[in-house]
């Protein structure tokens with residue numbers, strides 16, 4: 006089983022977190038996500054935490070988890086904080102494959118998405 | 006002439022701003038952006054400002070500018086600050102058409118992009 010874990014920053018505003026929850030729900034409904042489940046975690050200000058969400062993926066049987074940082078730029082959160090949180094869980098589950106994808110802003114599909122928006 | 010103006014938050018880190026500059030350059034190179042030019046502005050911490058960039062679009066002859074907030078959630082920057090800055094310029098150029106698109110996180114194409122990332 007393979008899961009996609011989307012990590013958002015999280016906000017003090019509940020409406021902002023809810024916006025991400027709704028988005029992830031739509032991602033899960035996409036026809037061909039290439040994964041068996043889509044999960045969500047927040048880096049701060051909201052739950053579940055990265056550790057809790059990632060543990061959840063593994064405990065329900067995921068052999069592989071692909072982590073997508075839902076961030077637009079490669080700041081400390083992307084470069085340090087997310088890898089740090091992920092590595093804590095990886096250390097506890099050495100036989101599982103956990104891969105961190107490039108952050109959203111670095112997605113190769115982003116230029117086309119922006120170009121088509123107009 | 007129609008221009009697309011992408012508005013990023015801006016960062017104190019030059020590398021983060023440069024990342025957006027490079028992205029916008031790629032957007033401009035896309036085959037069919039549906040616009041004649043793609044411009045970039047920063048809300049804060051970097052230049053050009055929204056006012057400067059938008060004035061630039063209009064002064065070089067754009068009849069229509071489509072503004073895309075490069076933001077993931079609908080916080081105050083999206084709901085208040087960007088419309089406020091845009092309206093200042095619209096007031097000076099009442100005959101031009103300036104439209105603010107939904108912020109990137111609300112793009113209808115986002116769920117598929119996230120689903121395909123895995």
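Chains as they are written, first to last, in this note's numbering: chain V, 6 to 123; chain H, 6 to 123.
We put the CB at the ideal spot given by N, CA and C, even for glycine.
Let me see if you follow: with CB-CB separation under 9 Å, is residue i close to chain H or not?
| i | result |
| --- | --- |
| residue 85 of chain V | no |
| residue 48 of chain V | no |
| residue 91 of chain V | no |
| residue 95 of chain V | no |
| residue 59 of chain V | no |
| residue 13 of chain V | yes |
| residue 56 of chain V | no |
Which whole-angstrom value is the C-beta distance of residue i and residue j, which I expect to be below 8 Å?
| i | j | result |
| --- | --- | --- |
| residue 25 of chain H | residue 32 of chain H | Not confirmed; about 10 Å, so no contact. |
| residue 76 of chain V | residue 84 of chain V | Residue 76 of chain V to residue 84 of chain V, Cβ: 10 Å. No contact. |
Starting from the beta carbon of residue i, find every residue of chain H whose beta carbon is closer than 7 Å, and list them in chain order.
| i | result |
| --- | --- |
| residue 51 of chain V | Chain H residues near residue 51 of chain V: none, gap ~12 Å exceeds 7 Å. |
Beta-carbon separation of residue i and residue j under 9 Å?
| i | j | result |
| --- | --- | --- |
| residue 66 of chain H | residue 6 of chain H | yes |
| residue 106 of chain V | residue 122 of chain H | yes |
| residue 101 of chain H | residue 56 of chain H | no |
| residue 34 of chain V | residue 116 of chain H | yes |
| residue 46 of chain H | residue 13 of chain H | yes |
| residue 71 of chain V | residue 10 of chain V | yes |
| residue 48 of chain V | residue 96 of chain V | no |
| residue 53 of chain H | residue 108 of chain H | no |
| residue 114 of chain V | residue 39 of chain H | no |
For residue i, which residues in chain H fall below 8 Å Cβ to Cβ?
| i | result |
| --- | --- |
| residue 28 of chain V | 110, 115, 116, 119 |
Taking residue i as the query, report the chain V residues whose CB atoms sit under 7 Å from its CB, ordered along the chain.
| i | result |
| --- | --- |
| residue 9 of chain H | 123 |
Does the beta carbon of residue i sit closer than 9 Å to a beta carbon anywhere in chain C?
| i | result |
| --- | --- |
| residue 40 of chain H | Among the protein chains in the structure shown, which are V and H, there is no chain C. |
Discussion item. Can you pull out the residues from the stretch 102-123 of chain V whose beta carbon lies closer than 8 Å to at least one beta carbon of chain H?
Written reply: Cβ contacts with chain H: 106, 109, 110, 111, 112, 114, 115, 116, 117, 118, 119, 120, 121, 122, 123.
Item to complete: Closer than 7 Å, Cβ to Cβ, to anything on chain H: give me those residues from the stretch 62-84 of chain V, in chain order.
Response: So the close ones are 71, 73, 75, 77, 78, 79, 80.
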